[in-house]
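Trainee: Take a look at this one; I'll ask things after.
Numbering (this note's numbering), first residue to last: 45 to 622.
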């Protein structure tokens, strides 16, 4: 009996081995298209954070591991790249950026300076170098150079009075124009403001426009009369910029508001470059909503369905609650420190309207992504998410509050409780002249020292992402993730002289936290963490090769580390020297 049982077991095992041998002998051996080996590969995968090699087949990662084991996927046709110790990290994900609007705004000479005389000299130089340009368009002046009432048309008239002049501020949220520009645009004392108190024409004591134009609706009301702001205009700028994102290591973006062209025109432009093979980054977009007279849900559903290509998709509803502290249109819980009338700011949209629309979007399966600058705006959005969560069926929500420059301490635990991601622009988290000369006056020392504080959200169990908001900035705009990461871990300027860390050293992120927030943390906010954000088998082959290991360089040198190669979906979109 025992012998018979042994024979039966042996026969069973033999048959099983034959079946397995037959299966594996007939299975197709996967050979990689590309292998990057002999590197310091930081995967952002906590289970296995470091590797030596990564292998790519088509648009996916098929291997992450040792140099010894990667040989199993190397064939005669495999392109083997010897990294010679260089660092590889996941492709950067910018969870708040404006590639199309930035291409519209960031044109002409760069005018950044904290010295008014130098600013005037820069404008004169641009005029001299572009004698036939009309209208004259440039970008980058800083609001802290001027008094509370902003710049004036007379100051520009003294430099150029014959040609219309339109100068974007570095934050993208205001413009400085001369009298000729106002004349051509037909802006007079009797012209109503576009969307008060959010967007308006600054006026003198007699009601005359001064030449300072605040926020996009008013800016476009002028610019559209000076030049034909159409798809061709935006496309020309975008084509000049598109490769620069790959050069910075960006492989995924969230366009946080298509402006300057219609939503359809913008999405079609993205898809046009995708079809040409020139779009080097996955582009998740939104329907940008800030008008209570418009029901955004039907339009959001339409564009979500119509624009769904490999690289271009519509995922979110973008909600704008407030503006910024410099123009006193950010919404705070306590009054502005430099106002004696109790002014706290006023939401662009009434709370009840935001609550209704966020609830409807949530019910339809769409996450909301909110511009929340002041702590009052942040609370308003958290309230809206809480209402939606209680009313609607459970689902995997990824609502995101962006900017969150100010968060009331009572609201910090709510990010975890509601699973709301806090998306910070840490490239702003340094003691620049705007913060020191304007924001300090607006909010006082205590609020200033707690501004742009991802550390507080993390300590309360919440999730974070970091992003650039390019071309928008209070003081210095950048689209480069390594700059954003460096400032996140230092809370100081990237260039000397450096002032003390904003809010103190305790608010700094660690390097691994900052990298995570610009990769997998951003992917989580987008609901794409299973596809992008870390280097793991089965995920998209989105990765960046850096000249040096970020963990080995001085933190003040992070932004200077060259991006040698950027791969998106297995294809090389940037290679240093090519």
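Backbone N, C-alpha and C fix where the C-beta goes; we use that ideal spot for every residue, glycine too.
(1) Report the rounded CA-to-CA distance for residue 444 versus residue 508, giving the unit in angstroms.
(2) Consult DSSP for residue 617 and reduce its assignment to one of helix, strand or coil.
(3) Identify the continuous beta strand (DSSP E) that holds residue 246 and give its terminal residues.
(4) Under the three-state reduction of DSSP, which class applies to residue 123: helix, strand or coil?
(5) Using a Cβ-Cβ cutoff of less than 8 Å, which residues in the same chain neighbour residue 522 once the five nearest sequence positions on both sides are dropped?
(6) Are any of the Cβ atoms in chain D nearer than 9 Å to that of residue 481?
(7) Just curious, the beta strand (DSSP E) that residue 466 is in, first and last residue?
(8) Provide the residue span of the alpha helix (DSSP H) that contains residue 348, from first to last.
(9) Terminal residues of the continuous alpha helix (DSSP H) containing residue 565?
(10) Could you say if the segment 417-427 and the segment 354-366 meet the contact criterion of at least three C-beta pairs nearer than 8 Å?
(11) Which same chain residues, not among the five before or five after residue 567, have their C-beta less than 7 Å away from its C-beta?
(12) What first and last residue would you give for the alpha helix (DSSP H) that runs through residue 285?
(13) Any idea what DSSP makes of residue 587, helix, strand or coil?
(14) List the whole-angstrom C-beta distance separating residue 88 from residue 563, where the pair is believed to meet the contact cut-off of C-beta under 8 Å.
(15) Just tell me which of 348, 301, 321 and 221 has its CA closest to the CA of residue 183.
(16) Between the segment 164-182 and the segment 119-139, can you find at least three pairs of beta-carbon atoms closer than 8 Å?
(17) Measuring straight from C-alpha to C-alpha, what distance separates residue 536 and residue 235?
(18) Alpha carbon to alpha carbon, how far is residue 518 from residue 117?
(19) So, at 8 Å on beta carbons, what are the nonlocal neighbours of residue 394 in its own chain, with the 5 sequence-adjacent residues on each side left out?
(20) Please state whether the Cβ-Cβ distance between residue 506 and residue 459 is less than 9 Å.
(21) When the Cα of residue 151 is compared with those of 179, 165, 80 and 124, which residue comes out closest?
(22) Determine the direct distance from the alpha carbon of residue 252 to that of residue 205, and round the result to whole angstroms.
(23) Specify the secondary structure class of residue 457 as computed by DSSP and reduced to three states.
(24) May I have the straight-line CA-CA distance separating residue 75 from residue 324, to the nearest angstrom?
(25) Residues in the same chain with beta-carbon distance under 6 Å from residue 478, minus the five sequence neighbours each way, listed in chain order, please.
(26) So the beta strand (DSSP E) residue 412 belongs to, where does it begin and stop?
(27) Measuring straight from C-alpha to C-alpha, what distance separates residue 553 and residue 353?
(28) Determine the DSSP secondary structure at residue 170, reduced to helix, strand or coil.
(29) On the CB-based measure, 16 or more other CB atoms within 10 Å of its CB, does residue 120 come out buried or exposed?
(30) Terminal residues of the continuous beta strand (DSSP E) containing residue 183?
(31) Which one or two residues does DSSP pair with residue 211 in a beta bridge?
Mentor: In short:
(1) Counting from one through the chain shown, the residue named residue 444 turns up at place 400. Counting from one through the chain shown, the residue named residue 508 turns up at place 464. If you draw a straight line from the Cα of residue 444 to the Cα of residue 508, it comes to about 9 Å.
(2) Along the chain shown, read from residue 1 onward, the residue named residue 617 stands at position 573. Three-state DSSP puts residue 617 in a strand.
(3) Along the chain shown, one-based indexing puts residue 246 at 202. Looking at the DSSP string, the run of the beta strand (DSSP E) that includes residue 246 is 244-247.
(4) Numbered from its first residue, the chain shown carries residue 123 at position 79. Strand.
(5) Locating residue 522 in the chain shown gives position 478, where the first residue counts as 1. Excluding residues within five positions, the ones whose Cβ falls inside 8 Å are 471, 512, 514 and 528.
(6) Among the protein chains of the structure shown there is no chain D, as only one such chain exists.
(7) Sequence index remark: in the chain shown, residue 466 carries index 422 (1-based). Start and end: 465-468.
(8) Taking the first residue of the chain shown as position 1, residue 348 is located at position 304. For residue 348, the enclosing alpha helix (DSSP H) stretches over residues 340-350.
(9) Position 521 of the chain shown, counted from the first residue, corresponds to residue 565. Residue range 564-570 is occupied by the alpha helix (DSSP H) that includes residue 565.
(10) Yes, the segment 417-427 touches the segment 354-366.
(11) To locate residue 567, count along the chain shown from 1; it is residue 523. Excluding sequence neighbours, residue 567 sits near 137, 573, 576 and 577.
(12) As a working note, residue 285 is residue 241 in the chain shown. Bounds of the alpha helix (DSSP H) holding residue 285 are 275-291.
(13) On the chain shown, residue 587 is found 543 positions in, with the first residue counted as 1. Three-state result, residue 587: strand.
(14) Taking the first residue of the chain shown as 1, we reach residue 88 at position 44. Taking the first residue of the chain shown as 1, we reach residue 563 at position 519. Indeed, because the Cβ distance is near 5 Å, the residues count as touching under 8 Å.
(15) Taking the chain shown and counting its residues from 1, one reaches residue 183 at position 139. Per the Cα distances, 221.
(16) By the Cβ rule, the segment 119-139 does not count as touching the segment 164-182, because fewer than three pairs are nearer than 8 Å.
(17) Here residue 536 is taken as the residue at index 492 of the chain shown, counted from 1. Here residue 235 is taken as the residue at index 191 of the chain shown, counted from 1. Their Cα atoms are separated by approximately 43 Å.
(18) As a position in the chain shown, residue 518 is number 474, starting the count at 1. As a position in the chain shown, residue 117 is number 73, starting the count at 1. Between residue 518 and residue 117, the C-alpha separation is close to 49 Å.
(19) In the chain shown, residue 394 corresponds to position 350, counting from 1. Once the five neighbours on either side are set aside, the close Cβ partners of residue 394 are 336.
(20) Counted from its first residue, the chain shown places residue 506 at position 462. Counted from its first residue, the chain shown places residue 459 at position 415. For residue 506 and residue 459, yes; Cβs fall inside 9 Å.
(21) As a working note, residue 151 is residue 107 in the chain shown. Among 179, 165, 80 and 124, the Cα nearest to that of residue 151 is on 179.
(22) Stepping through the chain shown from its first residue, residue 205 is reached at position 161. Stepping through the chain shown from its first residue, residue 252 is reached at position 208. In this structure, the CA atom of residue 205 is about 18 Å from the CA atom of residue 252.
(23) Counting from one through the chain shown, the residue named residue 457 turns up at place 413. Of the three classes helix, strand and coil, the one that applies to residue 457 here is helix, per DSSP.
(24) The sequence position of residue 75 within the chain shown is 31, counting from 1. The sequence position of residue 324 within the chain shown is 280, counting from 1. Distance between the alpha carbons of residue 75 and residue 324 is about 25 Å.
(25) The residue given as residue 478 occupies position 434 in the chain shown. Here residue 478 has 188, 518 and 519 as same chain residues with Cβ atoms under 6 Å from its own Cβ, once five neighbours each way along the sequence are excluded.
(26) Taking the chain shown and counting its residues from 1, one reaches residue 412 at position 368. Residue 412 -> beta strand (DSSP E) spans 411-416.
(27) Along the chain shown, read from residue 1 onward, the residue named residue 553 stands at position 509. Along the chain shown, read from residue 1 onward, the residue named residue 353 stands at position 309. Computed Cα separation, rounded: 36 Å.
(28) The sequence position of residue 170 within the chain shown is 126, counting from 1. Residue state, collapsed to three classes: helix.
(29) As a working mapping, residue 120 is identified with position 76 in the chain shown. Exposed.
(30) Along the chain shown, one-based indexing puts residue 183 at 139. Element bounds for residue 183: 180-185.
(31) Indexing the chain shown from 1 puts residue 211 at position 167. Under DSSP, residue 211 takes part in a beta bridge, and its partners are 182 and 220.
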